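According to this note's numbering, the sequence shown is numbered sequentially starting from 1. For every residue, glycine included, the Cβ atom is placed at its ideal position computed from N, Cα and C. Model, not experiment: these values are computed from the prediction.
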Amino acid sequence: MKRYRITLLAICLVLLWLGYHDLKLHFDNPEPLAISIEELAANGAPRDWLQIEGGTLDLEQAINPTGRVETFESGPFFVPLRSSDSGQQIKVVIETRRPEVIATLKHYVLDFNTEAEQNRYLEENKALFHPQNEITGTTASWLTSNANRDKLLQLAKEQNMPVSDDVVFISEGKEPARYRGFFFTGIALLGLLKFIQMVIRRESGLAIDMPDEDEK
Numbered sequence: 001m002k003r004y005r006i007t008l009l010a011i012c013l014v015l016l017w018l019g020y021h022d023l024k025l026h027f028d029n030p031e032p033l034a035i036s037i038e039e040l041a042a043n044g045a046p047r048d049w050l051q052i053e054g055g056t057l058d059l060e061q062a063i064n065p066t067g068r069v070e071t072f073e074s075g076p077f078f079v080p081l082r083s084s085d086s087g088q089q090i091k092v093v094i095e096t097r098r099p100e101v102i103a104t105l106k107h108y109v110l111d112f113n114t115e116a117e118q119n120r121y122l123e124e125n126k127a128l129f130h131p132q133n134e135i136t137g138t139t140a141s142w143l144t145s146n147a148n149r150d151k152l153l154q155l156a157k158e159q160n161m162p163v164s165d166d167v168v169f170i171s172e173g174k175e176p177a178r179y180r181g182f183f184f185t186g187i188a189l190l191g192l193l194k195f196i197q198m199v200i201r202r203e204s205g206l207a208i209d210m211p212d213e214d215e216k
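Written out as structure tokens, the structure is:
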């Protein structure tokens with residue numbers, strides 16, 4: 001029974017922490033903050049939910065994070081987002097599953113037999129590999145997003161890509177969970193109430209079992 005109480009308490013505390021994080025993310029980001037790619041690259045992300053304006057995707061340096069062919073069916077890909085004056089260093093990277101991005105990369109990587117054919121296709125379709133898009137998504141600030149950011153830095157280092165150590169990583173299409181934080185917090189509080197009841201019941205049972213002084 002003691003082990004069950006400890007397990008219950010641990011689960012409740014984890015859910016309470018997750019709920020707090022989700023609620024903070026929700027209330028701090030009622031709507032996406034519009035920001036230019038230049039400001040984001042220069043100063044970092046002021047909030048977690050962003051609408052990035054004026055950026056150009058660089059599909060020439062897109063990374064397949066799994067290295068598997070299956071990624072060309074549904075993604076995701078890690079794609080640098082550049083400003084007009086960003087230079088060589090990559091300061092913003094987008095995790096994207098855009099169908100047009102996946103289709104372009106799939107055709108470029110899988111449908112040619114030689115590197116010369118790939119290069120010819122690239123030269124003839126430069127605009128296709130550098131589309132300007134407005135990107136809306138959330139920053140890599142928690143759990144799997146942080147893991148993806150670490151994976152990005154590792155892969156970039158292996159491929160000698162000039163990725164900044166403080167790169168801003170954006171998961172396109174993601175937004176703060178609206179109800180999950182309330183659910184986690186509610187379940188955690190109910191669990192803590194159950195834990196308190198179990199402790200009180202145990203203490204009451206011990207008090208009843210203790211012999212009175214007159215009985216000694």
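A Cβ-Cβ distance of about 17 Å is found for the pair G67 and T96, leaving them out of contact under the 8 Å criterion. When beta bridges are read from the DSSP output, L57 appears opposite L81.
Under a 10 Å Cβ-count criterion, L193 is classified as exposed, with fewer than 16 other Cβ atoms of the shown protein chains found around its own Cβ. Counting along the chain, N133 sits inside the beta strand (DSSP E) bounded by residues Q132 to T139. Within the stretch 10-78, the complete alpha helix (DSSP H) runs of at least 4 residues fall at 37-43 and 71-74. Within a 10 Å sphere around the beta-carbon of V69 sit fewer than 16 other beta-carbons, which makes this residue exposed. With a cutoff of 7 Å on beta-carbon distance, A41 and S84 are scored as not near each other.
The bridge partners DSSP lists for E95 are F78 and S171. Using a Cβ distance threshold of 7 Å, P32 and L50 count as a contacting pair.
For I90, the beta-bridge partners assigned by DSSP are V163. Bounds of the alpha helix (DSSP H) holding Y121 are E115 to E124. Your pair V163 and L153 checks out as a contact, with CB atoms roughly 6 Å apart and the cut at 8 Å.
For the pair E73 and P176, the Cα-to-Cα distance works out to about 26 Å. Leaving aside the five residues that flank Q132 on each side, the residues in its chain whose CB is nearer than 6 Å to its CB run, in chain order, T56.
Contact annotation: A188 and G54 have beta-carbon atoms that are not nearer than 7 Å. Less than 7 Å divides the Cβ of V79 from the Cβ of A62. Cα atoms of G191 and F182: separation of roughly 14 Å, rounded to the nearest angstrom.
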